[in-house]
Amino acid sequence: MFEIKPLSFCRAIIIAIFGTILLTDLIILSIGVHNDLPTVTDGYSEMAEFPVPIVGIQLKNNFTITCYFQLFDYHDDHSNCSEYLTQPTFNEESGQWTGKFSPINNLAFPRNQPPYRLKRILFKFNIPNDVYIYGDIPAFTINMFDPTNQTLAQDMYKALVNDQYYFDSSPLSASIFQTNRYFLGRNYIYHVRMTRKITRTIVGSIKDDFGFPPTRKMLTYITAFVYLTTRNASWYADAASGFMLDPSSFLLEDQTEQRNKNALSVISNVLAIGGALLTFYAFLFGVSSIKPWGIMHKYVFNGTTKRTFNDRLTPNSTSLFSENLKYDNLELDGLKKFLKHYVVNISLLEEDNKKSSRCC
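Count along the sequence shown from 1, add 571, and you get the number used in my numbering.
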């Protein structure tokens, strides 16, 4: 068999280096996929109606809630608003009084402002027995919940009643609960202007890791900007506090999470690097079916390569076969073994044989 020890050792070193490069690349890319944070794409659409939120109101003192609807074209409706109110009740565990405004029958603010449709809702709070309670913050707490997901809204309202922080499997839900909590100071009137958002968060799964369309959890919620106002001062004259509620915009912001990396990106990168390394390997050592010798054979180990050719393929006599069949079989067997590892480049062999003949 043809053993070229220096060349074989060099080949083994190169293969080990290439294998280390591929393994390192695989580990680094896999860590990158595991730690990948999704990007968020924004889209906007215009709503025909803005749904009225569920509103929770809380105070340590007993209080009453009054509201009325302002309609377009300067019409007011005092009677129907009370149907949506739940007057405050006391919770012994939290020591808080909590009331609620619950929209029913798809109550909404219309965008095109038709007459006799809802324009704004006014709320005011009165305290029948206004006494100081030790440790009480002299402010009303309000929380607003989008009515689209009733289960989530009711869970958040229960957290408000119990005076607890809302915790959920989604950090976004807990953040929304805190973001939509506002404190209204005594003897002040506020204007609460709302916007609406939809966030579609990716639910991690094996399917998502391999580049298939991900499963997303949709969460619709309301954000608001609160500021002081002096409007409708006469209606709020006897109130301990209060606020007006209406939309700031009818644009619906849609935020969607997108994966940047997955297992397919790792595989494609590893294959690309592997292909580049294989090409470099072929450049160094050749490819037996295309080019039997690379630069390592021709230049670095040139002398060893030539000795191998000359030792195994020495010029024979003019006769094709010797009289001794045994030696012919040995020679053919050796040639077969040689051809098993190399596709013989005849022109190179002839050139080497000519040089050898001149030397000798």
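All C-beta atoms, glycine included, are put in the ideal place defined by N, C-alpha and C.
Go to residue i, then tell me how far its alpha helix (DSSP H) extends in each direction, as first and last residue.
i: residue 746; result: 742-750
i: residue 734; result: Taken as a continuous stretch (DSSP letters only), residue 734 belongs to no alpha helix (DSSP H), as it is neither H nor E.
Taking buried to mean at least 16 other C-beta atoms within 10 Å of its own C-beta, is residue i buried or exposed?
i: residue 765; result: buried
i: residue 689; result: buried
i: residue 624; result: buried
i: residue 849; result: exposed
i: residue 671; result: buried
i: residue 735; result: exposed
i: residue 861; result: Only weak support is given to the placement of residue 861: the predicted model assigns it a pLDDT of 44, under 50, and the question is left unresolved by the model.
i: residue 666; result: exposed
i: residue 676; result: exposed
i: residue 591; result: exposed
i: residue 804; result: exposed
i: residue 813; result: buried
i: residue 802; result: exposed
i: residue 653; result: exposed
i: residue 889; result: With a pLDDT of only 46 at residue 889, under the threshold of 50, the placement of this residue in the model should not be trusted; the figure read from the coordinates follows. Looking at its Cβ environment, which holds fewer than 16 other Cβ atoms inside 10 Å, residue 889 is exposed.
i: residue 725; result: exposed
i: residue 728; result: buried
i: residue 781; result: exposed
i: residue 605; result: exposed
i: residue 751; result: buried
DSSP on residue i, reduced to helix/strand/coil?
i: residue 861; result: With a pLDDT of only 44 at residue 861, under the threshold of 50, the placement of this residue in the model should not be trusted, and no figure is reported.
i: residue 839; result: helix
i: residue 768; result: strand
i: residue 631; result: coil
i: residue 813; result: strand
i: residue 691; result: strand
i: residue 787; result: strand
i: residue 623; result: coil
i: residue 889; result: For residue 889, the predicted model reports a pLDDT of 46, less than 50, meaning its position is unreliable; a value from the coordinates is still stated below. Note: residue 889 maps to coil in three-state DSSP.
i: residue 686; result: coil
i: residue 832; result: coil
i: residue 643; result: coil
i: residue 825; result: strand
i: residue 678; result: coil
i: residue 781; result: coil
i: residue 614; result: strand
i: residue 636; result: strand
i: residue 846; result: helix
i: residue 585; result: helix
i: residue 805; result: coil
i: residue 800; result: coil
i: residue 697; result: strand
i: residue 776; result: coil
i: residue 590; result: helix
i: residue 794; result: strand
i: residue 572; result: Because the pLDDT at residue 572 is just 42, under 50, the model does not fix this residue reliably, and the value given afterwards should be weighed accordingly. Residue 572 falls in the coil class under three-state DSSP.
i: residue 753; result: strand
i: residue 761; result: strand
Comparing alpha-carbon positions, which option in the options lies nearest residue i?
i: residue 833; options: 775, 676, 641; result: 775
i: residue 614; options: 806, 769, 782; result: 769
i: residue 730; options: 742, 719, 714; result: 714
i: residue 784; options: 809, 830, 824; result: 830
i: residue 788; options: 804, 803, 826, 794; result: 826
i: residue 582; options: 855, 901, 900, 903; result: 855
i: residue 696; options: 657, 662, 612, 685; result: 657
i: residue 634; options: 606, 651, 743, 699; result: 699
i: residue 949; options: 692, 747, 651, 845; result: Since the first residue shown for the chain is 572 and the last is 931, residue 949 is missing from the structure and cannot be characterised.
i: residue 674; options: 622, 637, 608; result: 622
i: residue 589; options: 900, 844, 902; result: 844
i: residue 608; options: 772, 842, 839; result: 772
i: residue 792; options: 637, 692, 662, 749; result: 749
i: residue 721; options: 790, 709, 681, 596; result: 790
i: residue 809; options: 627, 686, 682, 758; result: 758
i: residue 655; options: 630, 645, 641, 626; result: 626
i: residue 806; options: 760, 818, 586; result: 760
i: residue 651; options: 662, 678, 629, 659; result: 678
i: residue 723; options: 743, 755, 795; result: 743
i: residue 660; options: 628, 645, 577; result: 628
i: residue 732; options: 686, 669, 692; result: 669
i: residue 841; options: 616, 644, 598; result: 598
i: residue 612; options: 644, 904, 828; result: 828
i: residue 694; options: 719, 639, 711, 602; result: 639
i: residue 643; options: 762, 779, 685; result: 685
For the beta strand (DSSP E) containing residue i, name the first residue and the last one.
i: residue 710; result: 710-716
i: residue 608; result: Looking at the DSSP string, residue 608 is not in any beta strand (DSSP E), and its letter there is neither H nor E.
i: residue 657; result: 656-662
i: residue 669; result: 667-672
Would you say the beta carbon of residue i comes nearer than 6 Å to a heavy atom of the ligand ATP?
i: residue 853; result: Judged by which ligands are present, the structure shown has none, so any question about the ligand ATP falls away.
Cβ of residue i less than 7 Å from any chain B Cβ?
i: residue 790; result: Given the protein chain composition of this structure (a single chain), no chain B is represented.
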